[in-house]
Ligand code: ATP
Ligand code: MG
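Numbering (this note's numbering), first residue to last: 22 to 374.
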């Protein structure tokens, strides 16, 4: 079977280290492995507008920022089709037909959407577009016949809903759409990177992020302010590793040679955790260790990003070219959908002539 991959990010802010570890790093590795047939990466501006209708400028500005983050991390437009969601009209059309396949109560039950509504303080005044974003996400995925969707853990219920839509469509109208599969990092700390405040997942909308574009000083400041264990007051106090943001990040970002390079007195993370639990290991030491690890990852990304940012026209050219290619694929799927549903009147009429 063909391996077709689609992922997306909302241009609601610059990308953060949660995106990197949860999805972007894997996309680049996949792209470079060559083990795929088609790879699509979408900047989901239409989806971003569902909770930013009054803030179009923010969404507009971040299309470029997200694209810069992609390219700085190594996505290559020669191998990956990078495009803008609103440039693909068929996606909106598909969404409209898929809406008939989902009930309101099912939408309201989606745990991710439920949590996001709560976090955004929407209560009963949730925009219809926001509540229905899982339907438009089903359109994004199926338009490109994607069978693999690499996402963070928070998106699992949304992909599950896309799968239900595909099954309902195929049952009603015959085998037409490809059933997608979510792929989440195996490691829990990577699949859902916690925010620096330790309260929820790192999220652009919550302002608890370390961004890929943050400068060296800002990264260090954010790490030094990270939530650890409130009961670990003196260095000699025993400390908790669970719920401790610094250890969650060490779990997510540690590399095989990190100890040798930056903290050679320990062999591995288990040894470091054991010392912290026993007492006698201060927060500053583990924070500086994490700082070294993250600076090493982020420096080359930041430097590449700065170079790319000098030429925004070139970035838009890449996005428009990608969107043209994406349109060809999505339009073809749209035709298939219309034929399956029996609403391809023009084609039928032409065939009868
Ligand atoms: P917003 O607050 O606007 O929803 P976000 O930070 O949640 O922004 P998205 O654009 O919604 O980012 O997510 C893009 C992709 O990154 C999705 O696949 C999502 O699962 C993944 N992702 C987002 N945040 C994290 C995180 N903290 N850890 C791991 N993966 C994440
Ligand atoms: Mg999100």
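A virtual CB, placed ideally from N, CA and C, is assigned to each residue, including glycine.
If you draw a straight line from the C-alpha of residue i to the C-alpha of residue j, how long is it?
i, j, result
"residue 138", "residue 180", "18 Å"
"residue 117", "residue 355", "12 Å"
"residue 239", "residue 358", "49 Å"
"residue 313", "residue 29", "29 Å"
"residue 293", "residue 299", "10 Å"
"residue 80", "residue 88", "12 Å"
"residue 345", "residue 136", "35 Å"
"residue 95", "residue 322", "9 Å"
"residue 48", "residue 155", "22 Å"
"residue 60", "residue 166", "11 Å"
"residue 319", "residue 121", "44 Å"
"residue 214", "residue 233", "14 Å"
"residue 68", "residue 147", "14 Å"
"residue 349", "residue 373", "26 Å"
"residue 276", "residue 211", "13 Å"
"residue 40", "residue 168", "21 Å"
"residue 126", "residue 310", "48 Å"
Here's the rule: buried if 16 or more other CB atoms are within 10 angstroms of the residue's CB, otherwise exposed. What is residue i?
i, result
"residue 278", "exposed"
"residue 97", "exposed"
"residue 63", "buried"
"residue 75", "exposed"
"residue 103", "buried"
"residue 190", "buried"
"residue 331", "exposed"
"residue 124", "exposed"
"residue 112", "buried"
"residue 193", "exposed"
Return yes when the C-beta of residue i is under 7 Å from any heavy atom of the ligand MG, and no when it is not.
i, result
"residue 344", "no"
"residue 141", "no"
"residue 31", "yes"
Please tell me whether, using a cut-off of 7 Å, the distance from the CB of residue i to the nearest non-hydrogen atom of the ligand ATP is below it.
i, result
"residue 172", "yes"
"residue 214", "yes"
"residue 223", "yes"
"residue 82", "no"
"residue 195", "no"
"residue 101", "no"
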